[in-house]
Amino acid sequence: MLKVKLDSDLGIATLEPVGELSVGDFKAAAALIDPYVDDNKILKGIVIHAERFPGWNSFAALLEHLSFVKEHHRKIQRVAFVTDSALGAFGEKVAGHFVSAQVKHFGFSDFENAKLWAASLHKDGDLQA
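Under my numbering, think of the first position of the sequence shown as 157, with each following residue one higher.
Structural data, given as structure tokens:
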């Protein structure tokens, strides 16, 4: 299951996986995020907040995840991985080669700073004053 929260004031979406991810999780995320992007042309950021990555419940779910990334990565400025899992650091290094968004890893307890970073459009990656 994937909990998705859209914060239209900050212009970010928070994704919190709790259990294996399904095809429906990514369709539901797109159904929430796409209207905001249609109205605003961009989502400032996505914050992925998870102690650990739960995996997918099927190969179809993995494919739907990849499709979600393909369809949305040019419409999102920043992606924050907020996790203590080794996948966070890996994601920061690898994802930057496949998506146009800036990607940054934060520790699991640094959720609030990750949200502020994701909402910032400052070019050098520092929070705006």
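Where a beta carbon is used, it is the ideal one built from N, C-alpha and C, also for glycine.
| Query | Result |
| --- | --- |
| Looking at A206 and T239, is the spacing between their C-beta atoms short of 9 Å? | yes |
| By DSSP, does D280 sit in helix, in strand, or in coil? | Since pLDDT at D280 reaches only 47, below the 50 mark, its modelled position is unreliable, and the value read off the structure follows with that caveat. Of the three classes helix, strand and coil, the one that applies to D280 here is coil, per DSSP. |
| On the three-state DSSP scale, how would you describe E172? | strand |
| Alpha carbon to alpha carbon, what distance is there between T170 and F264? | 13 Å |
| Rounded to whole angstroms, how far is the Cβ of Q233 from the Cβ of I198, which I believe are closer than 8 Å? | 6 Å |
| Suppose the cutoff is 8 Å on Cβ atoms and the five residues either side in sequence are ignored; what does the same chain contact list for L177 look like? | M157, L158, P210, G211, W212, N213, A217 and H221 |
| Where S223 and K183 are concerned, what is the direct C-alpha to C-alpha distance, given to the nearest angstrom? | 10 Å |
| When we look at the beta-carbon of D195 and count the other beta-carbons within 10 Å, is it buried (16 or more) or exposed? | exposed |
| Under three-state DSSP, which class holds D289? | With the chain running from 157 to 285 in the structure shown, residue 289 is simply not present. |
| Secondary structure at V255, three-state DSSP: helix, strand or coil? | coil |
| Distance, Cα to Cα, A187 vs F267? | 24 Å |
| Starting from G180, follow the alpha helix (DSSP H) in both directions and report where the run begins and ends. | V179 to N196 |
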